[in-house]
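Residue numbers (my numbering): 1 to 353.
C-beta: ideal position from N, C-alpha, C; glycine also.
No experiment lies behind these values; they were computed from the predicted model shown.
I have placed the structure first, in the form of structure tokens, so that the comments after it can refer back to it.
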């Protein structure tokens, strides 16, 4: 057993992984059942991992509606513990090589930090290239991903576990696209796709595009760059330079067996504004995206009705609305936040924000 794999299967690491996996989910039946017998469950899991007899369980699938319907594949709690245990050991190995321009699922980063960075570049540069990978998680090629992981991981035990996790999610994805050199059956014979919802999927997604990050910054030498998962922004003062960069980025994407949305990849003047992570950014300000505002207004009306009908306590509305307020404060939204707050306070007299 290699040194890294020993760290993954160590009881202390599995215990910490279980604590991370159960955050905010303790009341769910599968979590409560696991926690009720936590020590024996973890010892059994440790034995399965150490003997390499561990096999992931079936996923639970459901759809959420966030702008558009998204299919989420939730792994059993036991497997989520394994995902956290693996990421706790190998993520720091890769984190040292990640560029600061990648903002998704990293300590000290996140959506609002990415928006702040993009706003800074919007004040510095005249043009922006916006790129969006088509069906990113569903398109991630397992062979390409494993090759990139193996460049930094030599422990065969860790690679074995990664293979089990990738194989466990195969039934959750669809065949990929055709690329140069493919034969008729390539999209069906090349496993691809990561289930949305896994801790490992978020980490693997960062590893997969790390090479593209370095290509844009060090090969293309683009002066301004921000990436959040599959949303890329490239900034420059030369419009032609960005058009050339787009062609180079799309060509690099093909080496990863990725394509870009033709309608979501374009160069535009920064002063015209551009959408990024729910905000509409301009050189001098940033606003909430119009669709975000419409959805929240509908939600606020529903909150008011449910509180008045006694179907939801005002304390629950307070938590949910304050969460939106915290997000909205990252934009120039003082008037909107004031209107929303007054609307709710007047409609539900017994409730004060």
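In this structure, 13 is the residue among 250, 13, 222 and 289 with its C-alpha nearest to the C-alpha of residue 87. Residue 202 and residue 83 have their C-alpha atoms some 11 Å from each other. Distance from the CA of residue 264 to the CA of residue 55, rounded to the nearest whole angstrom, comes to 39 Å. Under the 10 Å beta carbon count, residue 64 is surrounded by fewer than 16 other beta carbons and is classified as exposed. Judged by DSSP in its simplified three-state form, residue 130 adopts strand.
The criterion of a C-beta distance shorter than 8 Å is satisfied by residue 220 and residue 248. Residue 224 is bridged by DSSP to 235. The C-alpha of residue 169 lies about 35 Å from the C-alpha of residue 274. Beta bridge pairing from DSSP links residue 192 with 141. For residue 296, the number of other beta carbons within 10 angstroms of its own is at least 16, and it is reported as buried.
When secondary structure is reduced to three states using DSSP, residue 18 falls in the helix class.
Here the region 143 to 156 makes no contact with the region 277 to 293; the two share fewer than three CB pairs at distances below 8 Å. Per the coordinates, the alpha-carbon of residue 5 lies some 11 Å from the alpha-carbon of residue 52. Cβ contact annotation for residue 239 (same chain, cutoff 7 Å, sequence separation greater than five): 127 and 267, in chain order. Pairwise C-beta distances place the region 188 to 204 in contact with the region 91 to 107, as three or more of them are shorter than 8 Å. According to DSSP, residue 286 shares a beta bridge with 281.
Note: residue 267 is bridge-paired with 129 in the DSSP secondary-structure output. Bridge pairing for residue 62: 72 [DSSP]. Per DSSP, residue 204 is one residue of the alpha helix (DSSP H) stretching across 199 to 214. Each of 78, 61 and 76 was checked against the Cα of residue 70, and the nearest Cα belongs to 61. Of the candidates 311, 3 and 260, the residue whose Cα lies closest to the Cα of residue 132 is 260. Closest in alpha carbon position to residue 282, among 333, 186, 271 and 315, is 271.
Looking at the DSSP output, residue 275 shares a beta bridge with 280.
Burial state of residue 321 is buried, judged by a 10 Å Cβ sphere holding 16 or more other Cβ atoms. Between the region 132 to 141 and the region 227 to 236 there are three or more inter-stretch CB-CB distances shorter than 8 Å, so the stretches are counted as touching.
Distance from the Cα of residue 40 is smallest, within the candidate group 18, 29, 194 and 57, for 18.
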